[in-house]
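Engineer:
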Amino acid sequence: MSLSTPVPRRALRHTRAIDIQAFARDDGLWDLDARITDIKVKDTLLASGLRSGGDALHDLSLRITVDLQLTIVDAEAVSDAVPYPGFCNTIGPDYKKLIGLNLMRGFRHELKARLAGVHGCTHLTELAQILPTAALQAFANDVWSTHDSANASAEQPHDKPFQLDKCHALRTDGGAVAQFYPRWVAKAAPG
171 MSLSTPVPRR ALRHTRAIDI QAFARDDGLW DLDARITDIK VKDTLLASGL
221 RSGGDALHDL SLRITVDLQL TIVDAEAVSD AVPYPGFCNT IGPDYKKLIG
271 LNLMRGFRHE LKARLAGVHG CTHLTELAQI LPTAALQAFA NDVWSTHDSA
321 NASAEQPHDK PFQLDKCHAL RTDGGAVAQF YPRWVAKAAP G
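To get this note's numbering, take the position in the sequence shown, counting from 1, and add 170.
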C-alpha cells in the first residue's frame, strides 16, 4: 500500500532526511549513529547569508553508546552544516548530558528537561527523541527474542516478549497475539 496519488503540478522545495544506524561493538556495547539533514532545492537567503540550493541547511549527527540494558554510557553530537555557523555548532558537548539515561525509562522526559529550548539544539534533541524505538528495532532478534509459540520450550524465553502491548497490532487481547503469541493472549476476566 502506498500514499494516494499526489495532486498534479507540485514542486519539491525541501527535503528532511533522518538516518539511524545501529552497530554492535566488540566490547558488548552498541552505538546508535543518527543523522538529520535539511536541504532546500532553491537558493535560500538566511539571516547569516545566502545558502545555495542543494546545500545542506542542517547536517547534524548524534551518536549514543548504550549497554544491553539500553543505558547510555557515552554521547557525542556534531554539527557539520548549520544556519548560524559559530553559534549552532557549539552545543555538541552538552549532549554528554544524555549519559546515564536509559532509553526505556523516562528518556524523552529527561531529554526535554536537560536539552530542550535554549539548552540544546532543536534538531538534535528532536533526533534524539526517536532513538528509543530505533534501539528496540536494533535489539530485536539480536539481543532480545521476538518469537514465541504456544508450547514454551527450554530454548524459548519465559518472559513476555517485550513488544507485546506496545502497539495496536500486538495488543494481548487481539488477533495478532492470538495467532503468533498464543500463550500470551489476555483472557477475559470472569464476569
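The beta-carbon is built from N, C-alpha and C at its ideal position, and this holds for glycine as well.
(1) Buried or exposed, going by whether 16 or more other CB atoms sit within 10 Å of the CB of Pro331?
(2) With 16 as the cutoff for other CB atoms within 10 Å, does Val347 come out buried or exposed?
(3) Check whether the Cβ atoms of Leu202 and Ala305 lie closer than 9 angstroms to each other.
(4) According to DSSP, Lys210 sits in a beta bridge with which residue or residues?
(5) Could you spell out the range, first to last residue, of the alpha helix (DSSP H) harbouring Thr303?
(6) How many angstroms separate the CA atom of Gly344 from the CA atom of Ser218?
(7) What is the residue span of the alpha helix (DSSP H) that His338 lies within?
(8) Do three or more CB pairs link the stretch 236-247 to the stretch 255-268 at distances below 8 angstroms?
(9) Is it right to say Gly270 is buried, meaning 16 or more other beta carbons lie within 10 angstroms of its own, or is it exposed?
(10) Look at the alpha carbon of Thr241 and the alpha carbon of Pro302, and state the distance between them as a whole number of angstroms.
(11) Identify the continuous alpha helix (DSSP H) that holds Val347 and give its terminal residues.
(12) CB-CB under 8 angstroms to Ala320, same chain, minus the five flanking residues each way: which ones, in chain order?
(13) Once you ignore the five residues that flank Glu280 on each side, which residues in its own chain have a CB closer than 8 angstroms to its CB?
(14) So for Ala298, helix, strand or coil by DSSP?
(15) Of the residues Val236, Gly290 and Ala308, which one's Cα is nearest the Cα of Thr260?
(16) Smallest Cα separation from Ser231: which of Asp208, Arg221, Gln239 and Leu238?
(17) Pull up the CB-CB distance for Leu227 and Pro253, whole angstroms please, since I reckon it's below 8 angstroms.
Structural biologist: Straight from the coordinates:
(1) The residue labelled residue 331 in the question sits at position 161 within the sequence shown. Per the 10 Å Cβ criterion, buried.
(2) Stepping through the sequence shown from its first residue, residue 347 is reached at position 177. The residue is buried, with at least 16 neighbouring Cβ atoms inside 10 Å.
(3) Here residue 202 is taken as the residue at index 32 of the sequence shown, counted from 1. Here residue 305 is taken as the residue at index 135 of the sequence shown, counted from 1. It is a contact, given that the beta carbons lie within the stated cut-off.
(4) On the sequence shown, position 40 is the one that residue 210 refers to. Paired residue(s): His184.
(5) Locating residue 303 in the sequence shown gives position 133, counting from the first residue. Start and end: Leu301 to Phe309.
(6) The residue labelled residue 344 in the question sits at position 174 within the sequence shown. The residue labelled residue 218 in the question sits at position 48 within the sequence shown. Between Gly344 and Ser218, the C-alpha separation is close to 54 angstroms.
(7) Within the sequence shown, numbered from 1, the residue matching residue 338 stands at position 168. Here His338 belongs to no alpha helix (DSSP H), and DSSP marks it neither H nor E.
(8) yes
(9) Start at 1 with the first residue of the sequence shown, and residue 270 comes out as number 100. Exposed: under 16 other Cβ atoms inside 10 Å.
(10) Reading the sequence shown from its first residue, position 71 is the one you call residue 241. Reading the sequence shown from its first residue, position 132 is the one you call residue 302. Roughly 11 angstroms between the two C-alpha positions.
(11) Walking along the sequence shown from the start, residue 347 turns up at place 177. Where Val347 is concerned, the enclosing alpha helix (DSSP H) stretches over Gly345 to Phe350.
(12) Here residue 320 corresponds to residue number 150 of the sequence shown, with the count starting at 1. Note that Ala320 scores a pLDDT of 47, beneath 50, so its modelled location is shaky; the value from the coordinates is reported in the next line. Taken in chain order, the residues that qualify are Pro352 and Arg353.
(13) On the sequence shown, position 110 is the one that residue 280 refers to. Excluding residues within five positions, the ones whose Cβ falls inside 8 angstroms are Leu271.
(14) Within the sequence shown, the letter at position 128 stands for residue 298. Three-state result, Ala298: helix.
(15) Taking the first residue of the sequence shown as position 1, residue 260 is located at position 90. Of the listed residues, the one whose Cα sits closest to Thr260 is Gly290.
(16) Residue numbering aside, residue 231 sits at position 61 when the sequence shown is read from its first letter. Taking only the C-alpha atoms, the option nearest Ser231 is Asp208.
(17) Counting from one through the sequence shown, the residue named residue 227 turns up at place 57. Counting from one through the sequence shown, the residue named residue 253 turns up at place 83. So it is a contact: roughly 6 angstroms between Cβ atoms.
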